[in-house]
Structure formats: C-alpha cells, structure tokens
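Single-structure report; data block below.
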Amino acid sequence: MSPLRQAAYGVALLLAIALFIWGGYQQSLAAQARAKADAERIATLEQRSARQAQTIINLGADIATQRLAQQGLQNNRADLQQANAVHQVQKKETVRNDPPAQNWAAQPLPALTRRLHQRPAITGAAGYRAFQSSRNALHPPAGGADR
C-alpha cells in the first residue's frame, strides 16, 4: 500500500471517528432537550394538578356551605308549616266558637270570586293564548252573574 493511500485511509478513519463522536454528541443534546421538555411538562402538569386540587377543596367547602343553608331553609319551612297548621286550627276554632264568624263563613262566595275559582289552570304561553281565544274568557256567561 502506498503511503498516500494509507494517509487517505487514516484521514477517512479519523473522519469516521469524528463523525461518530459528533453523532453521539448530537444524540446527547437531543436527549437533554427531551429531558428538559419532559421536566417542563411535568412541572406544568403538577401545577395544573395543584390548581385542580385547590378547586376541588373550594367546591367541597361551597357544597358544605350550601348544605348548611339548605338545612336552615328546610328547618325554616318546617317551622312555617307548623305555624300555618296552628293558624288553621285557630281559625277553625274561632269559626266554631264565634257565631258572627260562623255566619260569615257560611255565606256563599260572590259570583266573581266563584268564577275565578272555576277558571282552568293555564300552563305556558300557548295555553294562555288558547284560553284568551276561547269564548267567555273575559266576560261571565249570560245570566251567571248572580250564582
């Protein structure tokens, strides 16, 4: 082998080794970049997880507050129902024991009031329009004013 050929092989071998080392270096840089990106991704996911945990804690506190308020409202409603029942009993006793109140309670309702009690239950806008379009929606039936 000629010395020139040996020198060319030597240079080619050195270039191959240099290329191999440079490729390894590039791979290590890429691995470091991936590791850095993964670390950033993990940090953002941990922050997101912490925010979600805080939101869950806040929602739990809100639910507890709402449950207490709901319990208070239910207690208030029960008290009002009890007071209403007592009031109804008192009214019945008053009507039973007081002759003027008994006479007043025995009187028939006025015709207009009876008519209001006879109106159908209207549900929604379509029902209201249908009721208004029907006959005698606004005026009492003929001869029915003194019933």
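Using the numbering used here, you'd call the opening residue of the sequence shown number -16 and step up by one each time. Glycine is no exception: its CB is placed at the ideal position from the N, C-alpha and C atoms. Keep in mind that this is a model prediction, so the values were computed, not measured.
Taking 6 Å as the limit between beta carbons, can you name the residues of its chain near residue i, skipping five residues before and five after?
i, result
"residue 136", "Residue 136 is absent from the model: the chain starts at -16 and stops at 130."
"residue 104", "none"
"residue 71", "none"
Can you tell me whether residue i is helix, strand or coil according to DSSP?
i, result
"residue 18", "helix"
"residue 81", "coil"
"residue 91", "coil"
"residue 128", "Confidence at residue 128 is low in this model, with a pLDDT of 48, below 50, so the placement of that residue should be treated as unreliable; the coordinate-derived value is given next. Here residue 128 sits in coil by DSSP."
"residue 27", "helix"
"residue 11", "helix"
"residue 104", "coil"
"residue 32", "helix"
"residue -15", "coil"
"residue 116", "helix"
"residue 44", "helix"
Kindly list the residues whose CB is nearer than 8 Å to the CB of residue i, restricted to its own chain and excluding five residues on each side of it in sequence; keep chain order.
i, result
"residue 81", "none"
"residue 79", "85"
Can you find the residues in the same chain that come closer than 7 Å, C-beta to C-beta, to residue i, ignoring five residues on each side of it along the sequence?
i, result
"residue 44", "none"
I'd like to know whether the C-beta atoms of residue i and residue j end up nearer to each other than 9 Å.
i, j, result
"residue 98", "residue 91", "no"
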